[in-house]
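So the structure is just underneath, and the comments pick up after that.
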Amino acid sequence: MNIVLGITGSIAGYKALELIRLLRKQGAQVRVVLTKSALNFVTPLSCQTLSDNEVYIEQFLLDKGIKHLSLADWADIMVVAPATANIIAKAAQGIGDDLLSTTLLSFDKPILFVPAMDTRMWENRIVQLNIEKLKGLGYHFLAPISGPLASGKIGKGRFPEVSIIYKKIVSVLESYPTLRGMKILITGGRTEEDLDLVRVITNRSSGRMGLELLNAAVCREARVRAIFGRVDVHLPEGYDIIQVRKAEQLLNQLKKNFDWCDCLIMAAAVGDYRPEKASSAKFHSQRLDISFKKNVDLLEVLKRLNKKKIVVGFSLEPGSGLKRAREKLLKKGLSFIVHNPIKAIESEKTEATIVRPQKRPIHIRNTTKWRLANRILDECLSEWRKIG
Ligand SMILES: Cc1cc2nc3c(=O)[nH]c(=O)nc-3n(C[C@H](O)[C@H](O)[C@H](O)COP(=O)(O)O)c2cc1C
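For any residue, its number in this note's numbering is found by taking its place in the sequence shown, counting from 1, and adding 764.
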């Protein structure tokens, strides 16, 4: 993957250095183009060292070749991160008055802007109109997140974490269809139940499947809310994520948010049992006998709310387990269910079968959780289109 990374004059410029590192780690070749304003925030030497490539600033040099054309020929994608309101305006007007803007004009492959700016700039109607115009012309955007800004205020305009920018680049290059307009509620991670004051009973789910669903849905421009139990992965900052511990808390949050969504994807590994009585002390006895009772089935409860929604369940069973997945699908009235083998737990790689009512199952082998997440979202999109 060859990437021209444009860095512009934003205070978030220093974070682009982390992005270069990540892209290199993922095996990408990176050539950095800096605007004159960007030189106030990052040094060409840092960019050159981290990218292990020449850094480009000047348009008019007594070098052989025409830089903006050779860069445009070389790259598979152009990423402008951080993108100032100024470079977005120039791209929207077709202005080419420096190397970066002229390379953007010469580039006929995918272009991704990752804007970062103060909330007042971000909410400026002209900035938003420029973005709408560029989106309409097929340019890609990863929206800024909410959080603390350089001004000391809290608001929208913050540069997203580099891990999600990387996912967005992959998403653009893999040409996944947009989910714009869809409201998706995702659960992920594992629940736990108290045994005594300090000990819990839980399961081995890492939360990676839920995370990849969140990443993929954000990158494909859905509106996303997520409810996570405990996880072993880093959840990106700046997104609408609620964290819970117990199955009951997850159910309460689901009831609060279910109305909002068009589509619920239940990737959380919810404990089936909880102790009949959790001790408020700490156990010290030689032998411990705890009896458990069944937790409520969250999807059964939601089904009783009788809302017309796309609801996706997960089923993790040993062996083929397809029969049980199909039983669950019908009993819970799901749109479809994703059946995973036990080895999928805690692992980066996975395989799955998507079981749909009255249709042939789709077998997906030797895939990543990112790819599977996108496959599940494709299926949700086609269900959503049917609903109209
Ligand atoms: C300290 C400082 C921080 C800035 N941060 C941003 C920013 O985050 N986003 C933005 O759009 N403009 C920001 N600006 C304004 C741009 O640097 C300015 O519009 C400049 O002309 C952009 O040039 P460029 O798009 O060619 O890089 C900042 C300016 C200063 C002085």
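Ideal placement from N, C-alpha and C gives every residue a C-beta, glycine not left out.
Does the Cβ of residue i have 16 or more other Cβ atoms within 10 Å, making it buried, or fewer, making it exposed?
i	result
valine 891	buried
threonine 799	buried
histidine 1103	buried
lysine 779	buried
phenylalanine 1047	exposed
threonine 1160	Given that the chain is displayed from residue 765 to residue 1152, the structure contains no residue 1160 and the question cannot be resolved.
asparagine 1130	exposed
aspartate 816	exposed
lysine 854	buried
arginine 963	exposed
glycine 902	exposed
glycine 1083	exposed
threonine 813	exposed
lysine 1010	buried
serine 1079	buried
leucine 756	No answer is possible for residue 756: it lies beyond the span of the chain, which begins at 765 and ends at 1152.
glycine 921	buried
lysine 1092	buried
alanine 914	exposed
Going by beta carbon distance, what residues of the same chain come within less than 7 Å of residue i, once the five residues before and after it are set aside?
i	result
lysine 1133	Arg972, Met973, Glu976, Glu1112, Thr1114
asparagine 967	Arg954, Ala1033, Gly1035
serine 1044	Leu961
Could you please give me the residues that DSSP links to residue i through a beta bridge?
i	result
cysteine 1027	Ile948, Ile1074
isoleucine 875	Met842
leucine 769	Val796, Val843
proline 908	Paired residues: none, contrary to the question.
valine 988	Ile948
valine 1119	Ile1101
threonine 1114	Thr1131
isoleucine 918	Pro912
glutamate 957	Ile965
If I measure Cβ to Cβ from residue i and keep anything under 8 Å in the same chain, skipping five residues before and after, which residues do I get?
i	result
tyrosine 1037	Glu957, Ile965, Phe1056, Lys1057, Lys1058, Asn1059
phenylalanine 905	Leu876, Phe877, Val878, Pro879, Ile895, Leu898, Lys899
glutamate 1001	Ile909, Gly911, Glu925
glutamine 1017	Ile991, Ile1006, Val1008
serine 939	none
alanine 1042	Glu957, Asp958, Leu959, Asp960
proline 941	Arg984, Asp1142, Leu1145
aspartate 1004	Val988, Arg989, Ala990
alanine 839	Asn766, Ile767, Val768, Arg795, Phe871, Lys873
arginine 788	Val794, Leu814, Ser815, Asp816
Mind checking which residues open and close the beta strand (DSSP E) that includes residue i?
i	result
histidine 1048	Counting along the chain, histidine 1048 falls outside any beta strand (DSSP E), and DSSP gives it neither H nor E.
lysine 1058	1056-1058
valine 891	Not the beta strand (DSSP E): valine 891 falls in the alpha helix (DSSP H), residues 889-900.
tyrosine 903	Premise fails: tyrosine 903 is in no beta strand (DSSP E) and is neither H nor E.
isoleucine 1006	1004-1007
tyrosine 1037	1037-1039
State the start and end residues of the unbroken alpha helix (DSSP H) segment that holds residue i.
i	result
lysine 1067	1062-1068
threonine 866	863-870
arginine 972	972-983
Tell me which same chain residues have a C-beta within less than 6 Å of the C-beta of residue i, skipping the five on either side of it?
i	result
alanine 986	Leu943, Met946, Ile948
cysteine 1144	Cys1027, Ile1074
leucine 1015	Leu1062
Report the three-state DSSP secondary structure of residue i (helix, strand or coil).
i	result
histidine 998	coil
valine 926	helix
aspartate 816	coil
proline 1082	coil
isoleucine 1109	coil
aspartate 778	One detail in the question is off: residue 778 reads as tyrosine in this sequence, not aspartate. In this structure, tyrosine 778 counts as helix in the three-state DSSP scheme.
aspartate 1142	helix
threonine 883	helix
alanine 847	strand
arginine 1135	helix
glutamine 823	coil
asparagine 967	coil
alanine 1032	coil
lysine 1096	coil
glutamine 1013	helix
glutamine 790	coil
aspartate 1053	coil
arginine 725	The chain is shown only over 765 to 1152; residue 725 falls outside these bounds and no answer can be derived.
lysine 808	The sequence given here has proline at residue 808, not lysine. DSSP places proline 808 in helix when its eight states are reduced to three.
glutamate 938	coil
isoleucine 830	coil
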